[in-house]
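Notes for the one structure printed next.
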Amino acid sequence: MRSYKCLNMDQFSKDNYSLVPIRDQDKYEIMNWRNAQISILRQQATLTKEQQDNYFKTTVAQLFEQEKPEQLLWSFLLNKKLIGYGGLVHINWTNKTAEISFLTETSRNASKEVFVSDWVNYLSILKTIAQDQLHFHSIYTYAYDIRPNLYVALEKAGFKETTRLKDHVEIDGKLKDAVTHTFYFDALTMRTATANDVDLYFNWANDKVVRENSFDSSEINYEQHVKWFNTKLNSKDCFFYLFTDANNKTVGQVRIDKTNEEVVIGVSIDANYRGKGFGKQMLDMASKAYFKQFPEATIIAYVKEVNTASIKLFKSAGFIKMGTLKVGTDNSIKFQKNKK
Numbered sequence: 005m006r007s008y009k010c011l012n013m014d015q016f017s018k019d020n021y022s023l024v025p026i027r028d029q030d031k032y033e034i035m036n037w038r039n040a041q042i043s044i045l046r047q048q049a050t051l052t053k054e055q056q057d058n059y060f061k062t063t064v065a066q067l068f069e070q071e072k073p074e075q076l077l078w079s080f081l082l083n084k085k086l087i088g089y090g091g092l093v094h095i096n097w098t099n100k101t102a103e104i105s106f107l108t109e110t111s112r113n114a115s116k117e118v119f120v121s122d123w124v125n126y127l128s129i130l131k132t133i134a135q136d137q138l139h140f141h142s143i144y145t146y147a148y149d150i151r152p153n154l155y156v157a158l159e160k161a162g163f164k165e166t167t168r169l170k171d172h173v174e175i176d177g178k179l180k181d182a183v184t185h186t187f188y189f190d191a192l193t194m195r196t197a198t199a200n201d202v203d204l205y206f207n208w209a210n211d212k213v214v215r216e217n218s219f220d221s222s223e224i225n226y227e228q229h230v231k232w233f234n235t236k237l238n239s240k241d242c243f244f245y246l247f248t249d250a251n252n253k254t255v256g257q258v259r260i261d262k263t264n265e266e267v268v269i270g271v272s273i274d275a276n277y278r279g280k281g282f283g284k285q286m287l288d289m290a291s292k293a294y295f296k297q298f299p300e301a302t303i304i305a306y307v308k309e310v311n312t313a314s315i316k317l318f319k320s321a322g323f324i325k326m327g328t329l330k331v332g333t334d335n336s337i338k339f340q341k342n343k344k
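Structure (structure tokens):
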């Protein structure tokens, strides 16, 4: 089995499906599938064995010699039997994006259930590679609007339609749209917290880093936390904004609380998501939501002078340094933000 230099694994699996680096033994089956399904591809003419041999001998072989190839191709197996192939193509290593390529054995397109299952499982494995191995920001599909089942699969896998070019291509004498669907790995969804989130907030509050950066660094008692959380949750002056990523995993929270005539903001990020750029998004989204309700408000943040990461974060989110002061025994910086 050949290996890609940019990956630390060769085989990726989910249930009975697996992706392995594209195999030379599969080239003629792939050629036949492409020729049979040429209408859905950006392929101008049927392929010959000579052309396929040359493609695998030159283009494909070189992919395994490069640190950052323009594409990564895999054979797609079900119970160790070849049923498709595809990969990440038109890779932009600077912007960390790539287009998805995928084609299955021709007869598998006849059943909606089989077609959707193949695509959803393929995309699930591909997302793992793109996010965990390559740390991409997004992956996308570009397809002609002639396969409605494709959109069922894409939406089921969490992809969103991002562009549509009307009447972009002529297929069998009819003009068809070209549609792009994108999956953003760093996209966040915001919701307000509920009583069911009490334990999640408790674990975040007692995180070692959170406690060190808090003005009161003592460990929090669970019973006291529950009482405090429920009180704040029911207060008209306190807003808990909770954030999840594209895979519905919790990333962190922002709390905006009006106390003593000041509107004070605080943020905490789950340990698994620190250093990935989510903090600015969270502060931006929470501030925007608060200003939508209270456009005349001024949001204040207090940050310890030793907490350089948070200082950098609030500056990046448009908070202005207003001065330094003592909060308890700690030297601190006061930031503020108004609606622009």
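Read in order, the letters of the sequence shown correspond to residues 5 to 344 in the numbering used here. Glycine included, C-beta positions come from ideal geometry on N, C-alpha and C.
- Touch test, the stretch 161-170 against the stretch 57-65, Cβ-Cβ under 8 Å, three pairs minimum: Contact between the stretch 161-170 and the stretch 57-65 is absent: fewer than 3 CB-CB pairs across the two stretches fall below 8 Å.
- Message: In the DSSP output, what is residue 270 paired with across the bridge?
- Response: Mapped onto the sequence shown, residue 270 falls at position 266. Paired residues: 259.
- May I ask which residues mark the beginning and end of the beta strand (DSSP E) holding residue 309? In the sequence shown, residue 309 corresponds to position 305, counting from 1. Residue 309 -> no beta strand (DSSP E), and no H or E assigned at all.
- Message: Can you tell me whether residue 185 is buried or exposed? The criterion is at least 16 other CB atoms within 10 Å of its CB, across all chains shown.
- Response: Counting from one through the sequence shown, the residue named residue 185 turns up at place 181. Burial check for residue 185: the Cβ neighbour count within 10 Å reaches 16 or more, so the residue is buried.
- If you draw a straight line from the alpha carbon of residue 296 to that of residue 241, how long is it in whole angstroms? Residue numbering aside, residue 296 sits at position 292 when the sequence shown is read from its first letter. Residue numbering aside, residue 241 sits at position 237 when the sequence shown is read from its first letter. Cα to Cα, the separation comes out at about 15 Å.
- Nearest to residue 95 by alpha carbon, out of 70, 30 and 43? Taking the first residue of the sequence shown as 1, we reach residue 95 at position 91. When each option's Cα is compared against that of residue 95, the closest is 70.
- Does the stretch 94-114 touch the stretch 140-160, meaning 3 or more C-beta pairs lie closer than 8 Å? Segments in contact, yes.
- Quick one: which unbroken beta strand (DSSP E) runs of 3-plus residues sit fully inside the stretch 121-165? Chain order, please. Restricting attention to beta strand (DSSP E) runs no shorter than 3 residues, the stretch 121-165 encloses them at 142-148, ordered along the chain.
- Spatial neighbours of residue 280 within its chain, please: CB distance less than 8 Å, with the 5 preceding and 5 following residues excluded, ordered by chain position. Numbered from its first residue, the sequence shown carries residue 280 at position 276. Excluding residues within five positions, the ones whose Cβ falls inside 8 Å are 190.
- Task: Could you check what DSSP says for residue 289 in three-state terms: helix, strand or coil?
- Result: As a working note, residue 289 is residue 285 in the sequence shown. Residue 289 falls in the helix class under three-state DSSP.
- Query: Is residue 126 closer than 8 Å to residue 163 when the C-beta atoms are compared?
  - Reply: As a position in the sequence shown, residue 163 is number 159, starting the count at 1. As a position in the sequence shown, residue 126 is number 122, starting the count at 1. No, these two residues do not count as a Cβ contact at 8 Å.
- Is it true that the stretch 115-130 meets the stretch 148-159, where meeting means three or more beta-carbon pairs spaced less than 8 Å apart? The stretch 115-130, when compared against the stretch 148-159, does touch it at the 8 Å Cβ threshold.
- In this structure, what does DSSP give as the bridge partners for residue 25? For the purposes of this step, residue 25 is taken as residue 21 along the sequence shown, with counting starting at 1. In DSSP, residue 25 forms a bridge with 78.
- Spatial neighbours of residue 337 in its chain, beta-carbon cut-off 7 Å, leaving aside the 5 residues before and after: As a position in the sequence shown, residue 337 is number 333, starting the count at 1. Non-local beta-carbon contacts of residue 337 in its own chain, meaning distances under 7 Å to residues more than five positions away in sequence, involve 307, 309, 315, 325 and 328 in chain order.
- residue 15, DSSP secondary structure in three states: Here the question's residue 15 lines up with position 11 in the sequence shown. It is coil, neither helix nor strand.
- As assigned by DSSP and simplified to three states, the class of residue 102: Looking up residue 102 in the sequence shown gives position 98. DSSP, reduced to helix, strand and coil, places residue 102 within a strand of the structure shown.
- Message: Do residue 233 and residue 196 count as a contact pair if the criterion is CB distance below 8 Å?
- Response: Indexing the sequence shown from 1 puts residue 196 at position 192. Indexing the sequence shown from 1 puts residue 233 at position 229. Not in contact: residue 196 and residue 233 (Cβ atoms no closer than 8 Å).
- Hey, out of 38, 54 and 57, whose CA is closest to residue 48's CA? Residue 48 sits at position 44 when you count from the first residue of the sequence shown. Nearest C-alpha to residue 48: 38.
- Message: As a quick exercise: from 124, 343 and 276, pick the residue whose alpha carbon is nearest that of residue 291.
- Response: To locate residue 291, count along the sequence shown from 1; it is residue 287. Of the candidates 124, 343 and 276, the one whose C-alpha sits nearest the C-alpha of residue 291 is 343.
- Message: Quick check on residue 111: buried or exposed, where buried means 16 or more other Cβ atoms within 10 Å of its Cβ?
- Response: To locate residue 111, count along the sequence shown from 1; it is residue 107. Residue 111 is exposed by the Cβ-count criterion.
- alpha helix (DSSP H) segment containing residue 203, residue limits: Numbered from its first residue, the sequence shown carries residue 203 at position 199. 202-209 is the extent of the alpha helix (DSSP H) around residue 203.
- Message: So, under 8 Å CB-CB, residue 201 and residue 246 are touching, yes? Tell me the CB distance rounded to an integer number of Å.
- Response: As a position in the sequence shown, residue 201 is number 197, starting the count at 1. As a position in the sequence shown, residue 246 is number 242, starting the count at 1. Distance from residue 201 to residue 246 at the Cβ level is roughly 6 Å; contact confirmed, criterion being Cβ atoms closer than 8 Å.
- Selection from 319, 178 and 267 that minimises the alpha carbon distance to residue 298: Here residue 298 refers to the residue found at position 294 of the sequence shown. 267 is the residue among 319, 178 and 267 whose C-alpha sits nearest the C-alpha of residue 298.
- Query: What's the C-alpha gap between residue 93 and residue 24?
  - Reply: Taking the first residue of the sequence shown as position 1, residue 93 is located at position 89. Taking the first residue of the sequence shown as position 1, residue 24 is located at position 20. For residue 93 and residue 24, the gap between their C-alpha atoms comes out near 16 Å.
- Message: Could you tell me the alpha carbon to alpha carbon distance between residue 248 and residue 282, rounded to whole angstroms?
- Response: Locating residue 248 in the sequence shown gives position 244, where the first residue counts as 1. Locating residue 282 in the sequence shown gives position 278, where the first residue counts as 1. C-alpha separation (whole angstroms): 10 Å.
- Query: On the three-state DSSP scale, how would you describe residue 111?
  - Reply: One-based indexing of the sequence shown puts residue 111 at position 107. Residue 111: helix per DSSP, three-state reduction.
- Message: Taking the alpha-carbon of residue 278 as reference, which of 313, 305 and 335 has the nearest alpha-carbon?
- Response: Translated into the one-based positions of the sequence shown, residue 278 becomes position 274. The shortest C-alpha separation from residue 278 is found at 313.
- For residue 27 and residue 157, the rounded distance between their alpha carbons: For the purposes of this step, residue 157 is taken as residue 153 along the sequence shown, with counting starting at 1. For the purposes of this step, residue 27 is taken as residue 23 along the sequence shown, with counting starting at 1. Computed Cα separation, rounded: 26 Å.
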